[in-house]
Structures are given as C-alpha cells and as structure tokens.
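Please read the structure below before turning to the comments.
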Amino acid sequence: MDTVPEPGEEPTALDPLLVPTRDALLGGRPHRPPRWKRLWKAGAAAPAPSSEWIRREADGQAQRLGRRTPGTEHVLLAVLAVHEVLGHQPRSQPQPQPLPDVDDSGGELLARLGLDYARAHAALTAGTVVLPADPRSVEAYLDGAAPGPLVRLLLDEDTRARRLAESLVGALDGPPDGAPNGTPLADRSR
Numbered sequence: 010m011d012t013v014p015e016p017g018e019e020p021t022a023l024d025p026l027l028v029p030t031r032d033a034l035l036g037g038r039p040h041r042p043p044r045w046k047r048l049w050k051a052g053a054a055a056p057a058p059s060s061e062w063i064r065r066e067a068d069g070q071a072q073r074l075g076r077r078t079p080g081t082e083h084v085l086l087a088v089l090a091v092h093e094v095l096g097h098q099p100r101s102q103p104q105p106q107p108l109p110d111v112d113d114s115g116g117e118l119l120a121r122l123g124l125d126y127a128r129a130h131a132a133l134t135a136g137t138v139v140l141p142a143d144p145r146s147v148e149a150y151l152d153g154a155a156p157g158p159l160v161r162l163l164l165d166e167d168t169r170a171r172r173l174a175e176s177l178v179g180a181l182d183g184p185p186d187g188a189p190n191g192t193p194l195a196d197r198s199r
C-alpha cells in the first residue's frame with residue numbers, strides 16, 4: 010500500500026507509531042545513539058551519509074520494540090517508516106525545517122511489494138513470525154549501502170527482513186518492478 014498522496018490531496022493523519030521518525034527527520038528530536046556508539050572514538054570509520062539515517066532509525070525501531078540491538082527486520086521497519094513519513098508530509102504547507110536529503114528508493118520498492126509499516130510493526134509486536142538468525146551482522150549490511158540496494162540485498166538473502174516480508178506478502182520471487190519471475194531483487198533494474 011503506497012501512502013504517498015496524489016498532487017493537491019492532503020495526506021491522512023500520521024500513525025502515532027511514526028511520530029518519533031517524523032520528529033527525527035524534521036530535526037525536532039534527534040535519535041539518541043546506543044551507548045557504545047556514543048563512546049565511539051573520533052577518527053573511527055564512519056558510515057556513508059546515505060546510510061546514516063537508516064542506521065539511526067533502525068536503532069530507534071529496535072529500542073521501541075524492546076531490543077538492544079537491531080536486526081535486519083528493524084532495518085526493514087526503518088525504511089518503511091521513513092517512506093511513510095515522507096508520504097505524509099503536506100505538500101501545500103512549508104515545512105518547519107527542510108527534510109534531509111533522504112533516498113527513498115528502498116521504501117518505494119517495499120511499497121511496490123505491498124508492505125507497509127503498520128502491518129510489519131504489528132507482526133513483530135505480536136511475535137508470530139519465526140525469525141532465524143541473520144546470515145551477517147546488521148552492520149555488515151549497513152556498511153555504506155544506499156537504501157535501494159540495501160533493501161534488495163536484505164530481501165535476496167535469507168534474512169530476518171525477508172522472513173518478515175514473506176510472512177506479510179507471500180513469496181518474494183515475483184517481480185515487484187517488472188523483472189521476470191525468479192530474478193533476484195539485486196539483479197533487477199532500478
């Protein structure tokens with residue numbers, strides 16, 4: 010379900026679960042990084058700016074769901090949350106502060122697959138989805154990845170994010186963006 014309103018149409022009310030994401034994107038409330046990240050030494054390798062908002066939002070999603078560290082399912086939630094917040098911004102009114110330059114290609118891909126934040130969050134909260142360990146650490150996935158390729162990678166491998174997505178929309182071997190069936194998401198045109 011795509012939440013982006015048609016031109017001239019005002020968006021519906023923002024889901025209260027997405028208010029922290031909106032506030033962080035608009036600069037009203039910065040994400041507080043976990044303690045280990047606050048103690049990170051200056052000069053250590055920093056993530057690429059395009060992936061920083063995903064990292065921060067995934068940490069926030071994990072914390073709001075009671076997890077200390079994020080899994081790939083929280084990365085998926087983060088991309089969905091930002092996509093839906095961007096879709097709910099009124100186009101006819103000036104923003105109190107400009108939105109950051111956010112690449113929403115990953116959110117658009119997830120919306121084309123039929124995923125939305127409310128259903129994904131509800132599935133994780135209910136605990137009904139079996140989520141095995143991720144094949145790699147979240148940090149390995151996030152290391153400099155742009156949102157579109159990151160989402161494709163998360164859905165191509167047997168990750169917790171893929172298991173969550175499949176529990177909500179079925180098998181992911183169909184073409185969300187016009188590619189032939191069976192083509193891995195990472196090999197599909199952008």
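Under this note's numbering, the first residue of the sequence shown is numbered 10, with each subsequent residue one higher.
All residues carry an ideal CB built from backbone N, CA and C; glycine is no exception.
Residue i, buried or exposed, once every other Cβ within 10 Å from all chains shown has been counted against 16
i: residue 77; result: exposed
i: residue 180; result: exposed
i: residue 68; result: buried
i: residue 161; result: buried
i: residue 131; result: exposed
i: residue 182; result: exposed
i: residue 66; result: buried
i: residue 171; result: buried
i: residue 136; result: exposed
i: residue 148; result: exposed
i: residue 169; result: buried
i: residue 201; result: As displayed, the chain neither begins before 10 nor continues past 199, which places residue 201 out of reach and without an answer.
i: residue 29; result: buried
i: residue 25; result: exposed
First and last residue of the uninterrupted alpha helix (DSSP H) at residue i
i: residue 114; result: 114 to 121
Helix, strand or coil at residue i according to DSSP, with G and I counted as helix
i: residue 80; result: coil
i: residue 68; result: helix
i: residue 96; result: helix
i: residue 124; result: coil
i: residue 74; result: coil
i: residue 22; result: coil
i: residue 181; result: coil
Heavy atom of the ligand NAD within 7 Å of residue i beta-carbon
i: residue 145; result: With respect to the ligand NAD, the structure offers nothing, as it holds no ligand at all.
With a floor of 4 residues, list each alpha helix (DSSP H) that falls wholly inside the stretch 128 to 179, ordered by position along the chain.
Runs found: 147 to 151, 156 to 165, 169 to 178.
Do three or more CB pairs link the stretch 111 to 121 to the stretch 73 to 92 at distances below 8 Å?
yes
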